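K.L.:
Below: one structure in structure tokens.
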Amino acid sequence: AVYPFDDFPNAKEVDVSGRDISHCDNLDEALELTRSKDWTYETICEKVLPLDVKRDEEAVASGSMDEFHKILAELNPSLAIDESEDEEKVKEMKKRRSTLVQIDLMRDFSQAS
């Protein structure tokens, strides 16, 4: 959806579609921020990926990931997993479901842009 900036005279439109550091450069420019030139995509990944892993671990530990998967299975029965199956089979099914969900999300995001 596109929202008009009529109510926000100081608003700036920013292109964040780049799949590289350019989207950060564009945000910095719009927000008039400065940062070190050694701040690269790789250094961002080094800092963000551990946070991402920790968030996922906490989601699993709290049970919220299980609840999320139950909701997904209700919305899309093909993603349901029979927990009474062999443990290794359940593990593989969960990996497959995770991959399918990521593909669906990427497709949805690409259609939205």
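All residue numbers for the sequence shown refer to the numbering used here, where the first residue is 1247 and numbers rise by one.
Where is the CB? At the ideal position from N, CA and C, for every residue including glycine.
On a predicted model such as this, the values are computed, not experimentally measured, just so you know.
(1) Count the other C-beta atoms from every protein chain shown that fall within 10 angstroms of the C-beta of residue 1297, then say buried if there are 16 or more, exposed otherwise.
(2) With residue 1307 as the anchor, note down where its alpha helix (DSSP H) starts and where it stops.
(3) Under 8 Å Cβ to Cβ from residue 1279, same chain only, skipping five residues before and after it: list those, please.
(4) My output table needs one value for residue 1255: the three-state DSSP class, helix, strand or coil.
(5) Classify residue 1325 as helix, strand or coil using the three-state DSSP reduction.
(6) Taking one C-beta from the region 1339 to 1349 and one from the region 1318 to 1330 each time, how about it: are there three or more such pairs within less than 8 Å?
P.N.:
Answer, in terms of the structure:
(1) exposed
(2) 1287 to 1308
(3) 1273
(4) coil
(5) helix
(6) yes
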